[in-house]
Each structure stands twice: as C-alpha cells, then as structure tokens.
Ligand code: 9YW
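In our numbering, the protein residues as written are -3 to 426.
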C-alpha cells in the first residue's frame, strides 16, 4: 500500500487549491484532466458545494457554467463537453449528437442524460454563506439568475421522469445515478435483451464488470435514437430505476428551492409541497426491511442490495426520526462503517457483489462521505458527523485526492488529483 508522509492541515489545504487550479478550465472545473476532461454535472456541483464558503464567486461561476448546457426541456446534462477536446472521451459528442437536437443548447455539446439534481442545494449553500456578508447583493443576484433554471430542472423531473407514476424521478441509465457500476444496477443491466457490443476498438473494459460498459453505450444509443423522447422513456426504454440517492438529493434540492424562491421573487410553496410528496413516495415505494433500496420499474420490484445510495433520503430534514434511527443503525453496523477502517463503503460489505477495489462496488468516496456527514448533522447526529468528517480527512491525508479509496486500508483507487475530493476537503478543513 502506498502511504504518504504525514501532512498538516496547511499543506493539505495548499495541495487542494493547487488541484483545483490545475483542473480549472475557464469557468468550469473538470473532474480529473486526463481521465475526465470535460465538465461533469455532479462533479462540478460538489466543487461548488466545497467552495461555497471558501470562494463563493467561483462556486457560482461553476454552477452557471454547468447550466449553459441545460436543455430547453429543463434537463441538466451529465456532461458538458469542451469542444476542443470533444472526442478525447468516449462516448463523446459524436455519439450523443446533442447538436442536432431541437431542445439542446446551441453551440454547447452535451450528453443526453442527467445526474443527481444537486444544483439547488449548492446554490442555497453559496447564498447561505454569503447572505450575512458584504457580498450579499451578489449572492442574491446569483440566485435571481439561477432560480428559473433550477425551477425548470425541477419541472423536468416532475413532468418527464416520474416513470413509475408514484411521485419519484426515475433514472434511465446507470450514468444518471453518478454511481455507474454500483451492484444495484447489475440485475437491470443483465436483464437487457438484445444489448450488443458497442465498445470502440481499443477501449478497455477494466472499469466495468462483464460487458456492462457495452450495455451502457447500447442503452444510451437507444435513447438517443428515440430523439431523447419522453414518450419513448415511458413506453419502450428498457432501464428505469427509482434510486434513493437521486431522489433524496432531489428532495433536499426542493427544500433549497423553497428557501431560494423568495429571493428570486417566486412562490416557495410548490417546492415545499414537492418535498412532502417525494418524502411520502420514498417511504411508500423504496423503504424495505429497515433501509431504502432502489426500485427496478421494468422488473416491478425492489433491488435487494444495500448501497451507500440507500442513505440519500437522510438528506431530508423532515425524514421521520424513527426511520433515521434505523438508517443510522445500518450505517454504523458491520454492513457499512462498523467493519470499514475508512468509511463509507459504497456497497454493503456482506453483499456477494461487494468488491473493495472497484469504484462504486465497495470503495469509499469523499463525495458520499460529505453528503452523509451533512445528513447526520441535519438530524442532530453530531458525533456521527464528526466521525465522517475526520475519517474523510484521514483518507486524503494518507492517500491524496484520489477518486476513491479502499475501505479497509484507505489506499487510493481510480484517478488522482480528483476535483471533488479536493474541494470537499477544503470545506471539511474550514
Ligand atoms: C463516467 C466523473 C464521473 C462521475 C461519476 C463516476 C464516473 C464515469 O466519473 O462516472 O464515465 O461518467 O461514477 O460519479 O460523475 O467524475
């Protein structure tokens, strides 16, 4: 295992800023230049969340820059491409073909999928941290600019993604979860009939189990070939899953929109009502055996594997205390934190598909740790929040700003100099 010499807070902070400087391209921050050279949706939003207290202006620019990719439908794409590097990442703009689509922004190539809707949460945080300072007017002005775009994103999810008809948003591709290779998507992916090899020559398959990457591409092409059509998603698309993390984040963003609405001169009530509806739907549709699980709408059943995504609904301050207590029990048990030296494993350790080294199949991540720390604090679980923050700092001190980490020994996995690991560390150090 590669361990670094001890590093103090000041040095860690300097390193984090230099990663964010190196990964900056104009007004956007890319996740990790070699590996992911474009602007990714929730990556940028974690950068904004991490910088909200440290550099609110840059955080605001990051969000505005991401939203230049927003479609006329309100959908915020999961990748906004940098035209100069367009085909350096597969699948690039020539696969997504947003340029020919009437709802896509002109001159900004994007993917046709979305990612967890965290932007309102980030906008709220930027605003919250600047409202008592001299920059308050600037923060209010940012909210006035962002609010219509965030409202449109919210309306898109309500109108086009409630594929199960029960009040939750469905993801239509594993990439939309932000946790692409999670064991939670194995069964729905394996059930895809007719998926064929779509990998370009030379593309390695190490990143994904079996032929899942081929299936990702096949699924994306099917949706593209429908013209990114809403009716197609309802009637024919073979992957539709209600994910507790995606919906927990959506719920948290509804609360954020309710608080931001008056700043933008809008009515907060629809967002408060939406939050109530999503909470009720989460409890009715995804709660099972003391935890939240994802629902496979095509198979008509819950997916029986517990992942870090199952704690997403704790981001709702209104989640009933008895449910929070059960969730914290699972989180602290040997299924997750109790048996991990470096929490929080992305999949429960006892699952047959748990893999300590492979991305969302086991490793611990700075972004989900940060979200769970926030959720714990929201529910007055201060000791849990403190432990999550301290463990996350231990990971980056020991192994650097890696993409993810082995949950047992804390060694780094995936890309280096990863933006959200650096930005959220700055927030943890503040
Ligand atoms: C992909 C960029 C993205 C993240 C996801 C992570 C991975 C692979 O990288 O996805 O090709 O989109 O799973 O959360 O946004 O860092």
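Note that the Cβ used here is the ideal one computed from N, Cα and C, for glycine as well.
I'd like to know whether the C-beta atoms of residue i and residue j end up nearer to each other than 8 Å.
| i | j | result |
| --- | --- | --- |
| residue 240 | residue 290 | yes |
| residue 33 | residue 78 | yes |
| residue 121 | residue 45 | yes |
| residue 414 | residue 352 | no |
| residue 214 | residue 191 | yes |
| residue 298 | residue 236 | no |
| residue 310 | residue 375 | yes |
| residue 391 | residue 342 | no |
| residue 104 | residue 76 | yes |
| residue 73 | residue 109 | yes |
| residue 28 | residue 19 | yes |
| residue 416 | residue 388 | no |
| residue 362 | residue 420 | yes |
| residue 282 | residue 238 | yes |
| residue 143 | residue 256 | yes |
| residue 135 | residue 52 | yes |
| residue 356 | residue 210 | no |
| residue 184 | residue 100 | no |
| residue 287 | residue 324 | no |
Closer than 7 Å by C-beta to residue i: which residues in its own chain qualify, once you throw out the five before and the five after it? Chain order, please.
| i | result |
| --- | --- |
| residue 274 | 163, 164, 243, 246, 247 and 250 |
| residue 83 | 90 |
| residue 153 | 113, 165 and 246 |
Evaluate residue i with the Cβ neighbour count: other Cβ atoms within 10 Å of its Cβ, from every protein chain shown; 16 or more gives buried, anything less gives exposed.
| i | result |
| --- | --- |
| residue 307 | buried |
| residue 15 | buried |
| residue 395 | buried |
| residue 202 | Reliability of the predicted coordinates at residue 202 is poor, the pLDDT of 48 falling under 50, and the value obtained from them is presented with this limitation in mind. Exposed, since its Cβ has fewer than 16 Cβ neighbours within 10 Å. |
| residue 280 | exposed |
| residue 7 | exposed |
| residue 402 | buried |
| residue 55 | buried |
| residue 0 | exposed |
| residue 111 | buried |
| residue 364 | buried |
| residue 399 | buried |
| residue 321 | exposed |
| residue 40 | buried |
| residue 66 | buried |
| residue 344 | buried |
| residue 107 | buried |
| residue 231 | exposed |
| residue 409 | buried |
| residue 428 | Because the chain is modelled from -3 through 426, residue 428 falls outside the range shown and cannot be assessed. |
| residue 98 | exposed |
| residue 312 | buried |
Which residues in the same chain as residue i place their Cβ atom closer than 6 Å to its Cβ, once the five residues preceding and following it in sequence are excluded?
| i | result |
| --- | --- |
| residue 200 | For residue 200, the predicted model reports a pLDDT of 45, less than 50, meaning its position is unreliable; a value from the coordinates is still stated below. Around residue 200: no qualifying Cβ. |
| residue 24 | 35 and 61 |
| residue 117 | 248, 249 and 252 |
| residue 337 | 404 |
| residue 372 | 380 and 381 |
Using a Cβ-Cβ cut-off of 8 Å, state whether residue i counts as contacting chain C.
| i | result |
| --- | --- |
| residue 144 | Reference to chain C is not applicable here, since this structure consists of a single protein chain. |
With a threshold of 8 Å on Cβ separation, who are the neighbours of residue i within its own chain once the five nearest residues in sequence on each side are excluded?
| i | result |
| --- | --- |
| residue 268 | 250, 251 and 254 |
| residue 4 | none |
| residue 272 | 314 |
| residue 50 | 422, 423 and 426 |
| residue 196 | With a pLDDT of only 49 at residue 196, under the threshold of 50, the placement of this residue in the model should not be trusted, and no figure is reported. |
| residue 317 | 375 |
Looking only at DSSP bridge pairs, what is residue i linked to?
| i | result |
| --- | --- |
| residue 110 | 73 |
| residue 394 | According to DSSP, residue 394 bridges with nothing at all. |
| residue 288 | 283 |
| residue 298 | 291 |
| residue 36 | 75 |
| residue 237 | 167 and 292 |
| residue 360 | 341 and 401 |
| residue 21 | 24 |
| residue 408 | 401 |
| residue 303 | 343 |
Checklist entry - Is the number of C-beta pairs between the segment 286 to 304 and the segment 175 to 189 that are closer than 8 Å three or more? => result yes
Checklist entry - For the 8 Å Cβ check, are there 3 or more pairs between the segment 255 to 275 and the segment 144 to 155? => result yes
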